[in-house]
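Residue numbers (the UniProt record's numbering): 1 to 691. Inspection log for the structure reproduced underneath, given as structure tokens.
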């Protein structure tokens, strides 16, 4: 079919959706991401010539480039419609160069959502390529190349091959290592509490010891507790004060990239990379039956919580119709623009709130539905009225000993009708309803229970809390968090244990070297300032060459010092405690790219290696001979299998417990659901609750 205009986008899914909107005069094809980049084999930055980059066509993309040139020759005009961000602008610039297009031509189209109206509107107002955006992306790319290709060879030479260091990844690793040091050096401190069960008439409630004579008292040891307990005479306590208040809780703002990643981790148990992959699918377009493909959400790489007036009006209309006018906020909450926010795009929101999750569920995969429902619910809730709670604080006294009871009841649900924000510990606030009490009332204690506690070390970072900490420190930008977290795991600098980051021995070694010899790289303040400078390039306030030069000149001196000073680090092999079954030499534990493994000490004469496995103390339920061991899938997910594999092919995602089902005699497994443990049958519906 003949066409007049060629449109180049990044992905085939996006191409298919857009071609449907534009009609027969347009041919839409995909570049499949970048087609030109710095070569992988060398630095390719001329530091003597204003940091001039040397770009080449990406290996394997020759046939695609030839195809694109052929399409471009047949078209009256070529439009470049890559994603609406720095990376997309750079792709458009590289395409313009390779296709020989006029760099000043108004052939760049951008849209924040892939809907018919947004796409057609964008093609009415094409612009020329924004070189300030391109220069900002180029500066980041060059800076990362200078850091990575300068420090990495030092790590290869002094530690081991295959290591790397980068601006954002080094700070992420440093945060994880520092937290691990805090945990290891933590000294728990003893403290006590006294919990009381009380009743007024037949209604029971809880109150906790607060202090003496109206002043708060901390209980440091058992002796402090005994002094309080000895002063309690009998069961009668007087209500001396009742404070009632109304408390409002505002809804969370619409999602930006980092908050979507955090909330998807908390509520959906999605890894950061998975969240971004599914969000990309929702943005590029999903087929909704006869209506064809449509972009369901706005662009998913953004640091803004702003939404368009048209979207606000549509949401307000929906809320009023579904819940009533009392649920629609007349002035929805607006966040203050942070210093690091570019506010270039809207928040992540549904392209139309009228497209409810339930209505389109049948067209989505299970994971697409979950993420769309999260984004949709968050937007609707953000435009609703606050939740209103009635709170009550009751002071209960005997012999100057003060117990305090706090209660709250939901008076008006407001936004909580639709959505309640997740928490890092997975616990949601529960109502605590107290009986009606007035000053002068008398209540009775049912039992008084002292409890010993010890302070806990800080928790290791989860993906959600690490992203939040990086963002709070101004380190990285929306597009960098997912690849950063992926890189530090791929390099085996950290591992995820129970969904928390734990540094490996290799990660600690690399971090210590970078912290000692390249302090600027891991200085959060310096890196945050660098991000601001790079943003200034985007705004046309800074020349990218000047930003790079200010960083590179002191950095290269650090590099020269490091090369002279760092001594080669020998990662010593540990004795394994048994001999090689092939040659009889002692086996040792070595540290490889993917962790520790057993190897023969007679290498290279003997190349015997074995994975280090962890037995769980359960005999294989299939072959009755082997032991069940922990294994890791290619995606690093824990599963259980027989140590006689491949002779025995038993596998289970859930942990076998070594007992059989009393109903059907198949093996039982331990399963965690929403933080609760259950023992369930691998075959029938039998289950046991685990306390």
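Cβ atoms here follow ideal geometry from the backbone N, Cα and C, with glycine treated the same way.
What does a CB cutoff of less than 6 Å around residue i pick up in its chain, not counting 5 residues either side in sequence?
i           : result
residue 452 : 192
residue 658 : 618
residue 111 : 118, 119, 122
residue 559 : 150
residue 393 : 243, 406
residue 188 : 454, 455
Using three-state DSSP, classify residue i as helix, strand or coil.
i           : result
residue 363 : helix
residue 52  : strand
residue 383 : coil
residue 308 : coil
residue 377 : helix
residue 682 : coil
residue 585 : coil
residue 687 : strand
residue 520 : coil
residue 5   : strand
residue 135 : helix
residue 497 : strand
residue 662 : coil
residue 166 : coil
residue 196 : strand
residue 506 : helix
residue 13  : helix
residue 620 : coil
residue 115 : coil
residue 452 : strand
residue 656 : strand
residue 320 : helix
residue 421 : coil
Since residue i is in the beta strand (DSSP E), which residue starts that stretch and which ends it?
i           : result
residue 575 : 574-579
residue 438 : No beta strand (DSSP E) contains residue 438, which DSSP labels as neither H nor E.
residue 26  : 26-30
residue 63  : Residue 63 -> not in any beta strand (DSSP E); alpha helix (DSSP H) instead, spanning 62-74.
residue 207 : 203-212
residue 409 : 401-412
residue 638 : 638-642
Going along the chain, which residues of its own chain have a beta-carbon closer than 8 Å to the beta-carbon of residue i, five neighbours each way excluded?
i           : result
residue 220 : 190, 191, 192
residue 478 : 256, 257, 258, 301, 302, 303
residue 537 : 132, 135, 136, 139, 543, 544, 547
Would you kindly work out how many angstroms separate the C-alpha atoms of residue i and residue j, rounded to a whole number?
i           : j           : result
residue 433 : residue 205 : 8 Å
residue 485 : residue 169 : 7 Å
residue 553 : residue 547 : 11 Å
residue 179 : residue 298 : 36 Å
residue 612 : residue 577 : 13 Å
residue 254 : residue 383 : 9 Å
residue 4   : residue 98  : 20 Å
residue 410 : residue 330 : 21 Å
residue 184 : residue 502 : 12 Å
residue 381 : residue 70  : 49 Å
residue 315 : residue 264 : 22 Å
residue 438 : residue 214 : 18 Å
residue 177 : residue 654 : 30 Å
residue 569 : residue 127 : 54 Å
residue 405 : residue 224 : 21 Å
residue 348 : residue 573 : 49 Å
residue 534 : residue 550 : 12 Å
If residue i and residue j are in contact, beta carbons under 8 Å, what's the gap, nearest whole angstrom?
i           : j           : result
residue 670 : residue 676 : At roughly 11 Å, the Cβ-Cβ gap does not stay under 8 Å, so residue 670 and residue 676 are not in contact.
residue 492 : residue 506 : 6 Å
residue 68  : residue 109 : In fact, because the Cβ distance is near 17 Å, the residues do not count as touching under 8 Å.
residue 38  : residue 145 : 6 Å
residue 320 : residue 328 : 5 Å
In the DSSP assignment, find the alpha helix (DSSP H) that holds residue i and state where it starts and stops.
i           : result
residue 283 : 272-284
residue 530 : 524-538
residue 697 : Because residue 697 is not part of the residues shown, which for the chain are 1 to 691, the question remains open.
residue 226 : 222-231
residue 96  : 86-98
residue 564 : 544-565
residue 628 : Looking at the DSSP string, residue 628 is not in any alpha helix (DSSP H); the run it does join, the beta strand (DSSP E), is 627-632.
residue 485 : 481-490
residue 466 : 463-472
Under 7 Å Cβ to Cβ from residue i, same chain only, skipping five residues before and after it: list those, please.
i           : result
residue 15  : 9, 28, 29, 30
residue 609 : 597, 598, 599
residue 639 : 631, 633, 651, 652, 653
When you measure from the CB of residue i to every non-hydrogen atom of the ligand FAD, does any distance come out below 8 Å?
i           : result
residue 255 : Looking for the ligand FAD in the displayed structure turns up nothing, as the structure carries no ligands at all.
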